[in-house]
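The block underneath contains the structure these notes are about, expressed in structure tokens.
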Amino acid sequence: MSGDDRRRRIYATIRRIPPGRVATYGQIARLAGLPGQARLVGYALAALDADSDVPWHRVVNARGAISLPPKGHPALRQRARLEAEGVVFTGDRVSRARFGWNPRRTTSR
DNA sequence: TTCGTGACGTGCA
DNA sequence: GTGCACGCCACGA
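For the record, in the first sequence the residue sitting at position 14 is 21 according to this note's numbering, with numbers rising by one throughout.
Now the structure itself:
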């Protein structure tokens with residue numbers, strides 16, 4: 008499998024994240040068939056355009072926080088989009104227990 | 001070609 | 001709860 012295929016799988020997995028939910032890089036990597044390679048997910052997102060159809064804003068790190076610089080425009084945009092979908096930020100973090108996406112129970116909650 | 005860096009995760013102290 | 005070390009892969013210099 009080539010690197011491009013991995014990126015496509017990553018994007019496809021991210022598209023499955025329902026609105027109002029967030030998934031971690033490691034979770035995306037695992038669902039994409041790339042366990043332990045969360046770094047590739049981050050790199051794939053870095054190469055992604057802001058106007059892409061991939062809901063990149065629903066991807067957060069294991070801490071439930073945005074991995075981008077908090078003061079940066081992308082981070083603010085991501086946070087604003089998540090809040091618009093109903094996601095509540097506790098400080099600079101998101102409660103993964105409440106808003107974390109569970110692929111086995113696609114239905115919310 | 002090797003080396004360093006990066007939207008990360010897990011394990012352990 | 002936090003901080004550090006190691007691992008993983010892709011990409012540019």
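Even glycine gets a Cβ: it sits at the ideal position worked out from N, Cα and C. Treat the numbers as computed from the prediction; the structure is a model and nothing was measured.
Using the C-alpha atoms, what's the distance from residue j back to residue i?
i	j	result
L38	R13	11 Å
A54	W63	11 Å
D11	T20	14 Å
D42	A91	Position check: residue 42 holds Pro in this sequence, whereas Asp was assumed. C-alpha separation (whole angstroms): 31 Å.
P76	G93	22 Å
Specify the secondary structure class of residue i as computed by DSSP and reduced to three states.
i	result
V67	strand
R100	strand
Kindly give me the distance between the Cβ atoms of residue i and residue j, rounded to whole angstroms, as I take these residues to be in contact under 8 Å.
i	j	result
V29	V61	Not a contact, Cβ separation roughly 14 Å.
D99	A69	With a Cβ gap of about 14 Å, D99 and A69 do not count as contacting.
V48	A36	5 Å
Mark residue i as exposed unless 16 or more other C-beta atoms lie within 10 angstroms of its C-beta, in which case mark it buried.
i	result
R16	buried
A104	exposed
At 4 residues or longer, and completely inside the region 18-92: list those alpha helix (DSSP H) runs for me, N to C. 32-38, 45-53, 80-91
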